[in-house]
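Novice: So the sequence lines, in the order shown, correspond to chains A and B. Read in order, the letters of the first sequence correspond to residues 48 to 381 in my numbering. Read in order, the letters of the second sequence correspond to residues -10 to 248 in my numbering. Even glycine gets a Cβ: it sits at the ideal position worked out from N, Cα and C. Please read all numbers here as calculations on a predicted model, not as lab measurements. The structure follows.
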Amino acid sequence: MRQKPFDTERRRQGVLLALALLLPLCLLLGASGGAYPIAPLEIPRVLKEGLEGAAVLLNIRFPRVLLAAVVGGTLALTGAALQGLLRTPLVEPGLLGLGLGAAAGAVLWLAWFPLVPWGLPLAAALGVLGVLGLLLRLAAGEGAPAGVRLLLLGLLLSPILSALIGLVQFRVGDPQGRSLSFWTLGGLSGASWELLALTAPLALLSALALLGLGRALNALTLGEEEAYHLGVAVGALKRWGLFLIALGVGAAVAAAGNIAFVGLLVPWLLRALGGADHRFVLAGAWLLGASLTVLADLLARTLFAPAELPLGLLTTLLGGPLFLFLLVREGWRG
Amino acid sequence: MASWLEAEEVSFWRGGRWLLQGVSLKLSPGFWVLLGPNGAGKSSLLRLLSGEWRASRGEVRLEGRPIQSYPPAVLALKRAFLPQQRSLAFPYTAREVVALGRLPHQKGREHPLDRERIAWALAETGASHLADRPYLALSGGERTRVDLARILAQDTPILLLDEPTNHLDPRQQLEVLSLAQRLGQEGRLVLAALHDLSLAALFAQRLLLLKEGRLLAQGEPEEMLEPALLEEVYGVPFEVVAHRGRRLVLPRLSRPGWS
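Take a look at the structure:
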């Protein structure tokens, strides 16, 4: 019995280490696969000797896998943080309509400022904040558990937001030809160094700040009053946390549309692997979310090559059934 | 010297009525028990004294300063609070729940002292064997003991406990109350809301009697456990029986044959 806390601690460190090693492996695999396959171990030689694959790697593959990692890590981490802040394992940015809120913000920005791309992630973040504000206002009060209420409201808001995005796109063409299905199903086909440079700083900044909230989120697990008695300034924590989530989701969705269920699937997997301590779940979520999204994007590119599957289609097929299973097994708790 | 925790003419308005009216008290180290019928305002008073709620009128002061002037992180080093209703949103083990009590003391990683205090707290509440079980799989009484261990692990000079004997069997109730008594004797301030008058008489150093939001009386158990006073508080007649130097409080049954 004495050994147990150390065992859990060691186990968590082991999982995090394994995940940290998995990510470069996935990146390598992602960079090597595709319509023009390059063996992973050949990559250094191809680059050094400037063989014909070098241009593919440098201009297409590298920015794409890096963007996939940044987007996936951000979505998984914001999902885990959102679950902690709202005190329910049943939510993620996509299901609550936050992703579509981001898309609506982005589409509206494009309608007015089609040539100012740097505002896109910020407009998307504003869209997330708008939906969050609406959700929390509508979900306040007594009755069904908060998680169930939020989920229901998110599911109701989603078609409305989709319609709004469709309407704006109907009226205003997108210079880069992003369609409604890009925003709702997501994809990384637009990846480039420019897009990465636009996305990564905001996404990584939000991620780093969110990682610091683990201990406070642990206290919040006991309830808002208990967290206060443990010294957490709950109001400030929620405002700051939701703001960071909005920044992250905004950056990710502006770059890659809505890649659903990553934010739900990944935290759940981590809790199964190493328990629910947020310090572990948050850090692990970024690493695992990044790896899984790089792999999912590889599949999306290669399954029906040369055609490309929308990435969100794959993640929904993986995560959706799992969510259903969890919902039934957990008995609508939350 | 300013008293550890004091309330001056504290009133609290919520939901269209006064839950507390003009409560004044000064608490010093020791084991205090707050008595009164349901709805008398015991939980409200504890929440006001913890700083979670702000008095509508009057003021709660901690070490002479208004309690609202303390940031939550500082307050958490001075007082711990055990609420009546408790929940857990994620599947933590009992030990992880207790470890949350160390949060106010930690800046970075867990310190060996943290582990020591967690093990000590679990042992004090007889919950060591529960440490590795999932909290959500525990019974009501087991949860109460784990939550008490979390409060102990917080290691504060002031402990506010809202019905800490809920869901506990008689033996566990005795253990918890003698722990509270000991903590009081060791120089901490323990204030617990309780329902059992005889147990309160057995362990408490001072009793506070609350009725309909007003503090009716406070003092030593010998002075407080008077049938007339208790009848005024609870609205039922009581008998106080001395048995081997201890006071037992029994409800007096008005009609013979009821028992």
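Terminal residues of the continuous beta strand (DSSP E) containing B:A231?
Specialist: Per DSSP, B:A231 belongs to the beta strand (DSSP E) from 227 to 232.
Novice: On the DSSP bridge list, what partners appear for A:L181?
Specialist: Beta-bridge pairing links A:L181 to no other residue.
Novice: CB-CB under 6 Å to B:Q73, same chain, minus the five flanking residues each way: which ones, in chain order?
Specialist: Taken in chain order, the residues that qualify are D151, E152.
Novice: Please tell me whether, using a cut-off of 8 Å, the distance from the CB of B:A110 to the nearest non-hydrogen atom of the ligand HEM is below it.
Specialist: As far as ligands go, the structure on display features none, and thus does not contain the ligand HEM.
Novice: When the Cβ atoms of the segment 147 to 163 of chain A are set against those of the segment 96 to 112 of chain A, are three or more pairs found closer than 8 Å?
Specialist: Contact between the segment 147 to 163 of chain A and the segment 96 to 112 of chain A is absent, because fewer than three Cβ pairs lie under 8 Å.
Novice: For A:W315, which residues of its own chain have a beta-carbon under 8 Å away from its beta-carbon, when the five flanking residues on both sides are left out?
Specialist: Closer than 8 Å at the Cβ level, and outside the excluded window around A:W315, lie P136, L369, L373.
Novice: Consider the Cβ of A:V279: report whether some Cβ of chain B lies at a distance smaller than 9 Å.
Specialist: So yes, A:V279 belongs to the interface.
Novice: Tell me whether A:L369 sits in a helix, a strand or coil according to DSSP, three-state version.
Specialist: It is helical.
Novice: Count the other C-beta atoms from every protein chain shown that fall within 10 angstroms of the C-beta of B:K67, then say buried if there are 16 or more, exposed otherwise.
Specialist: It is buried - the Cβ of B:K67 has at least 16 other Cβ atoms within 10 Å.
Novice: Tell me which residues of the segment -9 to 15 of chain B have at least one Cβ-Cβ distance to chain A shorter than 7 Å, keeping chain order.
Specialist: Per Cβ criterion, the list is empty.
Novice: Could you spell out where the beta strand (DSSP E) holding B:L14 opens and where it closes?
Specialist: Residues 6 to 16.
Novice: I'd like the span of the beta strand (DSSP E) that includes B:W21, first residue to last.
Specialist: That run of the beta strand (DSSP E) goes 19 to 24.
Novice: Less than 9 Å between CB atoms is the rule here; does B:Q57 satisfy it with respect to chain A?
Specialist: Output row for B:Q57: interface = no.
Novice: For B:R251, write down the residues that DSSP places opposite it in a beta bridge.
Specialist: The structure shown has nothing for residue 251 of chain B, since chain B only spans -10 to 248.
Novice: Is DSSP giving B:D144 helix, strand or coil here?
Specialist: Coil at B:D144, not helix or strand.
Novice: Any beta carbon of chain A sitting closer than 9 Å to that of B:P93?
Specialist: True, the Cβ-Cβ gap to chain A drops below 9 Å.
Novice: Report yes if the CB atom of A:V117 is closer than 9 Å to the CB atom of A:A337, and no otherwise.
Specialist: It is a contact, given that the beta carbons lie within the stated cut-off.
Novice: Bridge partners for B:L66 per DSSP, in chain order?
Specialist: Paired residue(s): none; B:L66 is not in a bridge.
Novice: Tell me, please, whether the CB atom of A:T268 is closer than 9 Å to any CB atom in chain B?
Specialist: A:T268 counts as touching chain B.
Novice: Give the straight-line distance between the Cα atoms of B:L102 and B:T82, rounded to the nearest whole angstrom.
Specialist: About 20 Å.
Novice: As a quick exercise: from B:E164, B:E(-3), B:V(-1), B:L16, pick the residue whose alpha carbon is nearest that of B:L178.
Specialist: Looking at the Cα atoms, B:L16 is the closest of the given residues.
Novice: Is the Cβ of A:A323 closer than 9 Å to any Cβ of chain B?
Specialist: Closer than 9 Å to some Cβ of chain B, the Cβ of A:A323 qualifies, so yes.
Novice: Who does B:R50 pair with in a DSSP beta bridge?
Specialist: B:E(-5), B:P55, per the DSSP bridge assignment.
Novice: Short of 7 Å in beta carbon distance, which residues of its chain neighbour A:H325, apart from the five on each side in sequence? Order them along the chain.
Specialist: Correct list, in chain order: G131, G261, L264, N265.
Novice: Could you tell me if A:L202 is buried or exposed, where buried requires 16 or more neighbouring beta carbons within 10 angstroms of its beta carbon?
Specialist: Exposed is the call here.
Novice: From B:A108 to A:I306, what distance separates their C-alpha atoms?
Specialist: For B:A108 and A:I306, the distance between alpha carbons rounds to 44 Å.
Novice: Does any C-beta atom of chain B lie closer than 9 Å to the C-beta of A:R59?
Specialist: So, not an interface residue.
Novice: Whose C-beta lies closer than 6 Å to the C-beta of A:S253 among residues of the same chain, with five residues either side of it excluded?
Specialist: Answer for A:S253: L291, L294, G295, listed in chain order.
Novice: How many whole angstroms separate the CB atoms of A:L124 and A:W333, which I take to be in contact at a CB cut-off of 8 Å?
Specialist: Yes, they are in contact, since the Cβ atoms of A:L124 and A:W333 sit about 4 Å apart, within 8 Å.
Novice: Could you name the residues of chain A that B:Y81 contacts, counting a contact when the two beta carbons are closer than 7 Å?
Specialist: The answer, in chain order, is T268, A323.
Novice: Are three or more beta carbon pairs between the segment 163 to 181 of chain B and the segment 93 to 100 of chain B nearer than 8 Å?
Specialist: Contact fails: fewer than three Cβ-Cβ distances are below 8 Å.
Novice: Tell me B:S0's beta-bridge partners as DSSP assigns them.
Specialist: Answer is B:R46.
Novice: Of the residues that make up the segment 303 to 323 of chain A, which ones have a beta carbon closer than 8 Å to any beta carbon in chain B?
Specialist: Hits within the stretch, in order: R318, G322, A323.
Novice: Strictly by DSSP, which residues pair up with B:G208?
Specialist: BP columns for B:G208 point to B:L196.
Novice: Which chain B residues sit within Cβ distance under 7 Å of A:P136?
Specialist: Per Cβ cutoff of 7 Å: F79.
Novice: Could you work out which residues of chain A lie near B:E41, taking near to mean beta carbons separated by less than 9 Å?
Specialist: By Cβ distance, chain A contributes E272, Y275, H276.
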